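Quick note: the sequence shown uses this note's numbering, first residue 27, plus one each step.
We treat Cβ as the ideally placed atom computed from N, Cα and C, and that holds for glycine.
Note that the structure is a prediction, hence the values are computed from the model and not measured.
Below: the structure, in structure tokens.
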Amino acid sequence: MFATRRLLNEIKALGKELPENLHLIQTSELNKLYVDMKVLNNPIYSPEDIYRLQFIIGDEYPFESPQVQFILSRDDNITKIPIHPHIYSNGHICLDILGDKWSPVQNILSTSLSIHSMLCNNDRNERPPDDENYISHAPSNPKKSSFYYHDDNV
């Protein structure tokens, strides 16, 4: 009940607070939503490309982090996972706030802004060093991964 009420309040606020290069997409399922993002002013990314974050919210939200990952959507012409040293080619994001550093003060907006900032400030056109090995063994739910944080830079 608490998770549902908080999520409804967040969704309402998202409609007013998202910057123009982020766009909320609601689904028929309350616990699943998408945030589309464009990355402007970074030569690694085309300003035309749209990247889609999927949020799946569990019953323990906000005390437990949502499941967050980049996804493809051919129907909506979202055909790329962004290149970043902390984003695997399957869309999983190696970011501590999505795991053990999550705090209930965080929310969909703050998480989206953190990931967007991570892309905006990226200066390396590369995947994580263990990308191929990781994606060959990764669970479908990134929260079930035990990420090894290669560095503190994002």
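By the neighbour-count criterion, in which a residue is buried when 16 or more other Cβ atoms sit within 10 angstroms of its Cβ, E36 is buried.
Comparing alpha carbon positions, the residue from D149, I161, H142, S172 closest to R78 is H142. When DSSP states are grouped into helix, strand and coil, R100 belongs to the helix group. Rounded to whole angstroms, H110 and A29 show a C-alpha spacing of 31 Å. Here I97 has R78, Q80, G117 as same chain residues with Cβ atoms under 6 Å from its own Cβ, once five neighbours each way along the sequence are excluded. Residue range 58-63 is occupied by the beta strand (DSSP E) that includes Y60.
For F28, there is no enclosing beta strand (DSSP E); the residue is part of the alpha helix (DSSP H) that begins and ends at 28-43. Shown here, I141 sits in a helix according to DSSP, grouped into three states. With a contact defined as Cβ atoms closer than 8 Å, H112 and M63 miss out at about 15 Å. Annotation: Y114 is outside any beta strand (DSSP E) and is labelled neither H nor E by DSSP.
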